[in-house]
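Single-structure report; data block below.
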Amino acid sequence: MLDRAYLRQHFDEAKARLEDRVDIGVLEQFAETDARRRAAVTEMQALQGQRNELSARVAKAKRAGEDASAMVAQSRQVHAQIGQCEASVHELDEAMNSVLSQIPNVPHESVPAGADESANREVCRWGEPGEFAFEPKPHWDLGVQLGIVDFERAAKLVGSRFAVYCDAGAKLERALMNFMLDVHTSEHGYREILPPFIANSRSLFGTGQLPKFSHDLFKLERTDYWLVPTAEVPLTNLYAGETLAHDDLPMSLTAFTPCFRSEAGSYGRDVRGIIRQHQFQKVELVKFASPETSYSELERLTADAEDILQRLGLPYRKVLLSSGDMGFSAAKTYDLEVWLPGLGEYKEISSCSNFEAFQARRARIRFRSTEGGRGKPEFVHTLNGSGLAIGRTWLAILENYQQADGSVVMPEALHGYLNAERIDPKGELG
RNA sequence: GGAGGAAUGGCCGAGUGGUUGAAGGCGGCGGUCUUGAAAACCGCAAGGCUCGCAAGGGUCUCGGGGGUUCGAAUCCCUCUUCCUCCGCCA
Numbered sequence: 000m001l002d003r004a005y006l007r008q009h010f011d012e013a014k015a016r017l018e019d020r021v022d023i024g025v026l027e028q029f030a031e032t033d034a035r036r037r038a039a040v041t042e043m044q045a046l047q048g049q050r051n052e053l054s055a056r057v058a059k060a061k062r063a064g065e066d067a068s069a070m071v072a073q074s075r076q077v078h079a080q081i082g083q084c085e086a087s088v089h090e091l092d093e094a095m096n097s098v099l100s101q102i103p104n105v106p107h108e109s110v111p112a113g114a115d116e117s118a119n120r121e122v123c124r125w126g127e128p129g130e131f132a133f134e135p136k137p138h139w140d141l142g143v144q145l146g147i148v149d150f151e152r153a154a155k156l157v158g159s160r161f162a163v164y165c166d167a168g169a170k171l172e173r174a175l176m177n178f179m180l181d182v183h184t185s186e187h188g189y190r191e192i193l194p195p196f197i198a199n200s201r202s203l204f205g206t207g208q209l210p211k212f213s214h215d216l217f218k219l220e221r222t223d224y225w226l227v228p229t230a231e232v233p234l235t236n237l238y239a240g241e242t243l244a245h246d247d248l249p250m251s252l253t254a255f256t257p258c259f260r261s262e263a264g265s266y267g268r269d270v271r272g273i274i275r276q277h278q279f280q281k282v283e284l285v286k287f288a289s290p291e292t293s294y295s296e297l298e299r300l301t302a303d304a305e306d307i308l309q310r311l312g313l314p315y316r317k318v319l320l321s322s323g324d325m326g327f328s329a330a331k332t333y334d335l336e337v338w339l340p341g342l343g344e345y346k347e348i349s350s351c352s353n354f355e356a357f358q359a360r361r362a363r364i365r366f367r368s369t370e371g372g373r374g375k376p377e378f379v380h381t382l383n384g385s386g387l388a389i390g391r392t393w394l395a396i397l398e399n400y401q402q403a404d405g406s407v408v409m410p411e412a413l414h415g416y417l418n419a420e421r422i423d424p425k426g427e428l429g
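Heads up: the first sequence at position 72 corresponds to 71 in numbering that gives the first Met the number 0, and the numbers run straight through without jumps.
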């Protein structure tokens, strides 16, 4: 959610910068609703002032033992007028909120303008895609051949877009979880959180998934509960409605969770393998930062995610998303794309964003500056990124480290977690 | 699931219809004293919305929403959360 006062005072500038992101009609609707709402509020407050004054005079008269019935009658009239006024203010408040919650975040000035991914800017590449003396297989062939992932039984259990991991496959998933959490907590300074995997509507509103993107989520019947689409939701909302101390910032949190996505509208895209599933596991990174440091924290957070890729020896590239390709709530986003030799392309494995105050305003997460004495509470800046998506890391390892004999060498960083150096051609750890 | 109790400012905690946006304490900040610090003493501090160039007004907020009343932290309804007891359960 953007700041009303900002939008009002910098309307033309905001309009220009939101061009690629929102229907301009919504902005005009904002301007109109805002003007009407403020007029109604002013009128209501004037009436409330009258009422308060009359009440004070009634109290005074009663204390003095005088007759106050005339003033009581007058006040009763004002009361009725206030009722009407309140109703229309209420209505306009709701209209205001509904308009505001449809407006996406304003892109940071360093973000390339453009309608879609063609305007994205590649920032850098790390690692060289490996040379194979044979035709590298996609993970869905390799994984099934090794017997470490089973799509057919997953389909039987639930339906399409699910996977069952078996034996070395399950252990690799678990090793990746522990490896990522260990690196982030002991080397990058993140606090480890294990949150609920279910969140309520208010939390999903706080991070921006609701009200616009409910079709991407799974809702639990007869409740106000939703399966979390990412740990961003519980982590960011952990301090919803609270005021943090200045010394708490920047605060860095990490969590492992499964992520549930309905993937409505993605039919026909990434249908094979485990690229796009209804459930996948992820280690998420979240930061709360003061406005002065949020952009340097974004660089750090992205570097923390890159560090995992580098330690695993997976080639990747870093892409700065254009204004039209970014998510609704983000002001600036870097995508990390891992090289997948089986597919012959770079594929997103992490998305790192600064949301500035957009989410904090929705979730009411503030901080108090202690510099120079008492500071007024201000909204924090929130950031998050995948550190990393485990399913895609799993398949990237399979595809990048596959050998001619069908075995898969494990990256050195995982040897201790797996107690093994490779998955042999029969799918056994050894 | 059943029966009771509770929710007040950063924290604790008074307050059952009329200068109570809220006593008192702790914590915080500023000052006096001190070489410095502690202690003591004095003082300053809630948030949102809105009007105004500003100075400064107004208004709302005592878990959320609604109601009663001229007037609600205080009375009523409802929802949420927490606590105690019972039931069930990993």
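Just so you know, even glycine gets a beta-carbon here, dropped at the ideal spot from N, CA and C. Only a predicted model underlies this, so the values are computations on that prediction, with no experimental measurement involved.
_By the three-class DSSP mapping on this structure, what secondary structure does Arg0 have?_
Translated into the one-based positions of the first sequence, residue 0 becomes position 1. According to the sequence displayed, residue 0 carries Met and not Arg. If DSSP states are grouped into helix, strand and coil, Met0 belongs with coil.
*asked:* Can you look up Gly371 in the DSSP assignment and give me helix, strand or coil?
replied: For this step, residue 371 is matched to residue 372 along the first sequence. For Gly371, the pLDDT reaches just 39, beneath the cut-off of 50, and the residue's location in the model is therefore unreliable, leaving the point undetermined.
*Hey, how far is the Cα of Arg37 from the Cα of Phe10?*
On the first sequence, position 38 is the one that residue 37 refers to. On the first sequence, position 11 is the one that residue 10 refers to. Cα to Cα, Arg37 sits roughly 16 Å from Phe10.
*asked:* So the candidates are Phe196, Thr256, Asp306 and Leu216; which of them puts its Cα closest to the Cα of Gly264?
replied: Walking along the first sequence from the start, residue 264 turns up at place 265. Minimum Cα distance to Gly264 is reached at Leu216.
_To the nearest angstrom, how far is the alpha carbon of Ser213 from that of His107?_
For the purposes of this step, residue 213 is identified with residue 214 of the first sequence, where counting begins at 1. For the purposes of this step, residue 107 is identified with residue 108 of the first sequence, where counting begins at 1. Answer to the nearest angstrom: the Cα atoms are 26 Å apart.
*Measure the CB-CB distance between Leu156 and Gly272 and report whether it falls below 8 Å.*
Sequence index remark: in the first sequence, residue 156 carries index 157 (1-based). Sequence index remark: in the first sequence, residue 272 carries index 273 (1-based). The Cβ atoms of Leu156 and Gly272 lie no closer than 8 Å to each other.
*Helix or strand or just coil, what does DSSP make of Phe212?*
Looking up residue 212 in the first sequence gives position 213. Reduced to three states, the DSSP call for Phe212 is coil.
*Just the C-alpha distance for Gln101 and Val25, rounded to the nearest angstrom, thanks.*
On the first sequence, residue 101 is found 102 positions in, with the first residue counted as 1. On the first sequence, residue 25 is found 26 positions in, with the first residue counted as 1. Roughly 8 Å separates the two Cα atoms.
*Per DSSP, which residues does Thr332 bridge with? Please list them.*
For the purposes of this step, residue 332 is identified with residue 333 of the first sequence, where counting begins at 1. According to DSSP, which records beta bridges pairwise, Thr332 is partnered with Ser352.
*Please list, in chain order, all residues of the same chain as Ala72 whose beta carbon is under 6 Å from its beta carbon, the five residues on each side excluded.*
Position 73 of the first sequence, counting from 1, holds the residue named residue 72. Correct list: empty, nothing qualifies.
*Are there three or more Cβ pairs, one per stretch, closer than 8 Å when the segment 249-261 is compared with the segment 179-186?*
Yes, the segment 249-261 touches the segment 179-186.
*Kindly indicate which three-state DSSP category Val270 falls into: helix, strand or coil?*
On the first sequence, residue 270 is found 271 positions in, with the first residue counted as 1. If DSSP states are grouped into helix, strand and coil, Val270 belongs with coil.
*Based on Cα-Cα distance, which residue from Ser74, Met95 and Glu18 lies nearest to Thr32?*
Here residue 32 refers to the residue found at position 33 of the first sequence. Selected option, being the one with the closest Cα: Met95.
_Given Val227 as reference, the closest of Ala244, Arg221 and Arg201 once Cα atoms are compared_ = Counting from 1 along the first sequence, the entry for residue 227 is found at position 228. Closest option to Val227, Cα to Cα, is Arg201.
_Quick check on the DSSP output: the beta strand (DSSP E) that includes Gln280 runs from which residue to which?_
Mapped onto the first sequence, residue 280 falls at position 281. From DSSP, the beta strand (DSSP E) with Gln280 extends over Gln278 to Ala288.
*Which ranges would you report for the beta strand (DSSP E) in the segment 200-244 if only whole runs of at least 3 residues count?*
224-226 and 242-244
*Counting pairs of beta carbons, one from the segment 112-121 and one from the segment 237-249, are three or more of them closer than 8 Å?*
The answer is no - the segment 237-249 does not touch the segment 112-121, with fewer than three Cβ pairs under 8 Å.
*Every unbroken beta strand (DSSP E) within the segment 17-69, with a cutoff of 3 residues, ordered by chain*: DSSP runs (the beta strand (DSSP E)) wholly in the segment 17-69: none.
*DSSP on Ser385, reduced to helix/strand/coil?*
Counting from 1 along the first sequence, the entry for residue 385 is found at position 386. Residue state for Ser385 is assigned as strand, using DSSP reduced to three classes.
*Where Cys123 sits in the DSSP three-state scheme*: In the first sequence, the residue the question calls residue 123 occupies position 124. Cys123 falls in the strand class under three-state DSSP.
*Distance, Pro257 Cα to Lys218 Cα*: In the first sequence, the residue the question calls residue 218 occupies position 219. In the first sequence, the residue the question calls residue 257 occupies position 258. Lys218 and Pro257 have their C-alpha atoms spaced approximately 15 Å apart.
_Please return the same chain residues whose Cβ sits closer than 7 Å to the Cβ of Gly205, not counting the five positions on each side in sequence._
On the first sequence, residue 205 is found 206 positions in, with the first residue counted as 1. So the list reads Thr235, Asn236, Ala239, Gln358, Arg361 and Ala362, once near-sequence residues are dropped.
*Can you name, in chain order, every residue of its own chain whose Cβ lies under 6 Å from the Cβ of Arg391, other than the five neighbours on each side?*
Within the first sequence, residue 391 is the residue found at index 392, counting from 1. For Arg391, where only same-chain residues beyond five positions count, the Cβ hits under 6 Å are Ile348.
*Could you pull out every residue in the same chain whose Cβ sits closer than 7 Å to the Cβ of Gly188, ignoring the five residues on either side in sequence?*
If you number the first sequence from 1, residue 188 lands on position 189. Around Gly188: Ser251.
_Inter-residue Cα distance where the pair is Pro249 and Ser295_ = Sequence index remark: in the first sequence, residue 249 carries index 250 (1-based). Sequence index remark: in the first sequence, residue 295 carries index 296 (1-based). Cα-Cα distance, rounded: 11 Å.
*Cα-Cα separation, Leu342 to Pro424*: By 1-based counting over the first sequence, the position of residue 342 is 343. By 1-based counting over the first sequence, the position of residue 424 is 425. About 21 Å.
*What does DSSP give as the partner residues of Phe178 in its beta bridges?*
Against the first sequence, residue 178 aligns to sequence position 179. Paired residue(s): none; Phe178 is not in a bridge.
_CA nearest to the CA of Phe287, picked from Asn353, Phe131, Leu335 and Arg35_ = In the first sequence, counting from the first residue as 1, residue 287 sits at position 288. Comparing Cα-Cα distances from Phe287 to each of Asn353, Phe131, Leu335 and Arg35, the minimum goes to Asn353.
*Following the continuous alpha helix (DSSP H) through Arg316, name the residue where it begins and the one where it ends.*
Here the question's residue 316 lines up with position 317 in the first sequence. Premise fails: Arg316 lies in the beta strand (DSSP E), Tyr315 to Leu319, not in any alpha helix (DSSP H).
*Note down the Cα distance separating Phe279 from Gln83, rounded to an integer number of angstroms.*
Along the first sequence, read from residue 1 onward, the residue named residue 279 stands at position 280. Along the first sequence, read from residue 1 onward, the residue named residue 83 stands at position 84. Roughly 51 Å separates the two Cα atoms.
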